[in-house]
Every structure is written in structure tokens, then in C-alpha cells.
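In this note's numbering, the protein residues as written are -9 to 398.
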């Protein structure tokens, strides 16, 4: 089949969650289909980095749209469209896509993330099969953010933004699927939420996965008790998570394990993240080329998420690398087959969370039991090579239901 993939940003290098998902989709499908990636690129360096994908797909790039703060404020207050759509709004992209689709025949066009859904034609009866890969149910992220910030007066302005986006995104997500033959979701929970908005919605669960050959256990000596947190550090749910952990959990851990250190690894750390390094034992590493050595040197991996959605790839990476995990319930949300206390320890309050981390630092047998069960889970259910074929099966199913000519 000939497939066009619309991306909000380059899938390579595959460091963030969205990049990893897009990269694996392309990598897994390339041997069986003709792929054409059409993506925004922020600068020339990103365009050069994409050359690594040339063995897998044809690539067309469009300069990423930019907005001033005044423009963003205007659309936030005056437009009914969600802010995420304005982030990916570019007439040049629409023109480029139209030219591509007029010039060649495509069997499938797949929009990655909600930003790219605006380019789908409404009620497209003929032409390619349009499908949407929903990384999250976006309105729930803003809903959770609003409810969290509402209790903190200094964040009321931010809470107001989240309230607006909550309602805008819910209204948009309720309607947008009418432009698509089907939607991929990453978890049963996301599927339920979207079908509550539209009971007629056709969905298939294609969970986030992990490359279990790339992320695999590597024996390492950890001379100092090391707690690891990873993630994109300008992403609001991650910033909230690590700020809460540093302020309320980390002091409890240090009192019980004074030599412990906390490593925070991820791209684009802002001032509010860098400020955490002023606390004893906290290291900010920022962007790294390869995160695996940090997993190898970690005693415990923490996922203290309080807002967000979807399935977090970083949890699966920790599972794959045999690092014991302590998380909030939201941190491991959507991971099918996970049992609390079997593959990960779950705690939602600061003191129990800290106690769980310290217990794993002290009890190596418990840590080993957890990691064996966790790696078995990802090997059984979450290797990318077993997940991506579900997309191909759904393309065929949705095309048959649409009543168009069979995709060859």
C-alpha cells in the first residue's frame, strides 16, 4: 500500500514519546508499504536529522509554523479552535498536502496527533482512507490540569487556560472523528473516553510499545542509590510531576537514605526545572543522546505523574531495562496486564511514595521480583513488532466497511 503519514514534528531522533511512536510506525511498516512522511521541521538541523529515515520512507518537509505571544493570546481568547490546532496551523502545509494527494494516488493517509487532524477533508467518501492516530484524549489532560491548578492560587491564570482548552478540546474531539474512517488509541481507557463522546466511533487499540532489543537489561554497578526520572522537560505534566516529587517526596527519601541522588534526564529543561538542582542530591542532565546508560545506572525509576494521559513509553522502557518502578496510579495508567505490586509499586501520596522508593533501595530481592515480572509483561504484550500490524489489519477492515475498492 501507499501510505502518507502526517507528523506535527520530525520523528527522528526518537527521543520523546510522540517521536518514538512515529519512528516505530515508520520503521515497522517500511518493509511492507511505500511510506511518505510529510512533516513540519523547526530548523535546518531537524531537516538534516531526518535523513536517517530515508531508508524507510520518502520525506517532504514544511517549515514549522510560529506564533507571537500576542497571536497565541488572541486565538486563546477569541477562537473556538483549541490551541493545539493553532500550533499546527499552516496554510503552506495544506497546500503541500493537497499537491501531494493530487499528484499521486495514496491508499491511506494517517494523521499523527491531534494537531494534524485539521488537514483531513470532511466526509471524504472517495480517495484515500483517512485515519487518526490519537496519542491521547487531549481534553482529559486539560481537565486534570485545571482541577490540579485550581487549588493553587498562584496558578489560577494557568487554570483558566486549561479550563478554556478543556471545553474547546472536548467539543473538537467529539466532532473530529467524523472526518476519519477510524481512530487508533493507545489504551482501553482512551477508547472508552472517545466512544463516550461518539458511540459510533470506529477504534482500534494500538498501544505504545518498546523496542525490547534496544532497551534490554545491562548489568551495572550502582555505587550510589540513584533514582531516575526521564521525560520531555518542557511538557507540563512532566514539569508538574518532577516539581511535586522534588518538593514533597525527595525530602522524605533523603532523610532515610542521605546518600541517594536524583537524576532528571530529558530535553528542554526550563528555569523551573533547573532550579531543582539547588536541592541536595538532585542532578539535571537535560538532553542526552542515549538514555540507556542512565537506566543502567538507576536503582529505582519514578513516575510521579499527576496530570496527563495515554500510556507512557518511559515506563515500558524502565520495565524493559529491569529497573524497578514506583509510580502514581496515573503514571502507569493504561498499561494492560499491569498489577499493582507485581510489575510496579503504586503510591499516590508523598510519604507512601517515598517509603516505596526506599524499600526498593534496601530490598534487592523485592526489586528483582518486580523487574522480572515487568520485563516479562513488555516481552509478552508491548514489543513494537507485535503492535504495529494491528494498524494494517484495521486499515483493511475500515476500508472494507467504507465500501470502497479493496486496498491492494
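Each residue gets a CB set at the ideal place from its N, CA and C atoms; glycine is no exception.
Check: Thinking C-alpha only, which one of 201, 238 and 99 is nearest residue 173?
Finding: 99
Next item on the list: Quick one: using the 10 Å Cβ neighbour count with 16 as the cut-off for buried, is residue 12 buried or exposed?
Entry: The residue is buried, with at least 16 neighbouring Cβ atoms inside 10 Å.
Check: Do the CB positions of residue 16 and residue 46 come within less than 8 Å of each other?
Finding: yes
Item checked: As assigned by DSSP and simplified to three states, the class of residue 328 -> In this structure, residue 328 counts as coil in the three-state DSSP scheme.
Check: Under a Cβ-count criterion, where at least 16 other Cβ atoms within 10 Å of its own Cβ denotes burial, should residue 258 be classed as buried or exposed?
Finding: exposed
Margin query: Excluding the 5 residues flanking residue 142 on each side, which residues of the same chain have their C-beta closer than 6 Å to its C-beta?
Written below: Hits under 6 Å: none found.
Item checked: Beta-carbon spacing of residue 104, residue 74 below 8 Å -> yes
Notebook entry, point to check: Going by the beta-carbon positions, is the gap between residue 235 and residue 219 smaller than 8 Å?
Noted result: yes
Check: So, helix, strand or coil for residue 79, using DSSP?
Finding: coil
Margin query: So, under 8 Å CB-CB, residue 316 and residue 350 are touching, yes? Tell me the CB distance rounded to an integer number of Å.
Written below: 7 Å
Margin query: In this structure, how does DSSP classify residue 24 when only helix, strand and coil are distinguished?
Written below: strand
Item checked: Contiguous alpha helix (DSSP H) assignments of at least 4 residues, all confined to the stretch 280 to 363 -> 282 to 286, 303 to 310 and 340 to 352
Next item on the list: Compare the Cα-Cα distances from residue 341 to each of 245, 188 and 381 and report the closest residue.
Entry: 245
Margin query: Only counting the same chain, and skipping five residues up and downstream in sequence, which positions put a Cβ closer than 7 Å to that of residue 130?
Written below: The beta carbon of residue 130 lies closer than 7 Å to those of 183 and 299 in the same chain, with the five residues before and after it left out.
Item checked: Residues that DSSP places opposite residue 253 in a beta bridge -> 218 and 273
Margin query: Could you check whether residue 360 and residue 334 sit closer than 8 Å to each other, using their CB atoms as the reference points?
Written below: Against a cut-off of 8 Å, the Cβ pair of residue 360 and residue 334 comes out as a contact.
Check: Name the DSSP beta bridge partners of residue 192, please?
Finding: Answer is none; residue 192 lacks a bridge partner.
Check: How about residue 40 and residue 50: are their beta carbons less than 8 Å apart?
Finding: no
Notebook entry, point to check: Taking buried to mean at least 16 other C-beta atoms within 10 Å of its own C-beta, is residue 255 buried or exposed?
Noted result: buried
Item checked: First through last residue of the beta strand (DSSP E) which encompasses residue 174 -> 172 to 175
Item checked: With 16 other Cβ atoms within 10 Å as the buried cut-off, status of residue 348 -> buried
Item checked: Nearest residue (CA-CA) to residue 283, options 156, 31, 253 and 89 -> 253
Check: Considering only residues of the stretch 109 to 166, which uninterrupted alpha helix (DSSP H) runs meet the minimum length of 4 residues and lie entirely inside it, listed in chain order?
Finding: 128 to 139 and 146 to 166
Notebook entry, point to check: Among all the DSSP beta bridges, which residues are the ones paired with residue 373?
Noted result: 200
Margin query: I'd like to check one pair, residue 301 with residue 262: are the Cβ atoms closer than 8 Å?
Written below: no
Next item on the list: Compute the Euclidean distance between the alpha carbons of residue 113 and residue 191, then round it to the nearest angstrom.
Entry: Because residue 113 carries a pLDDT of 49, less than 50, the predicted location of this residue cannot be relied on, and no value is offered for it.
Next item on the list: Enumerate in chain order the residues of its own chain whose CB-to-CB distance from residue 76 is below 6 Å, with the five nearest sequence positions on each side excluded.
Entry: 65
Check: So, using beta-carbon positions, are residue 239 and residue 289 closer together than 8 Å?
Finding: Against a cut-off of 8 Å, the Cβ pair of residue 289 and residue 239 comes out as no contact.
Checklist line | Whether residue 399 touches residue 306 by CB criterion (8 Å) | finding: Absent from the structure is residue 399, since the part of the chain shown begins at -9 and ends at 398.
Check: How big is the Cα-Cα spacing for residue 314 and residue 95?
Finding: Rounded to whole angstroms, residue 314 to residue 95 spans 48 Å at the Cα level.
Margin query: By the three-class DSSP mapping on this structure, what secondary structure does residue 102 have?
Written below: strand
Check: Alpha carbon to alpha carbon, what distance is there between residue 106 and residue 124?
Finding: Distance between the alpha carbons of residue 124 and residue 106: 10 Å.
Check: Got a sec, what are the start and stop residues for the beta strand (DSSP E) residue 49 sits in?
Finding: 48 to 53
Notebook entry, point to check: Using DSSP with H/G/I as helix, E/B as strand and the rest coil, what is residue 205?
Noted result: coil
Check: Any idea if residue 222 is buried or exposed, counting beta-carbon neighbours within 10 angstroms, 16 or more meaning buried?
Finding: buried
Next item on the list: Would you tell me roughly how many angstroms separate the C-alpha atoms of residue 320 and residue 93, rounded to the nearest one?
Entry: 45 Å
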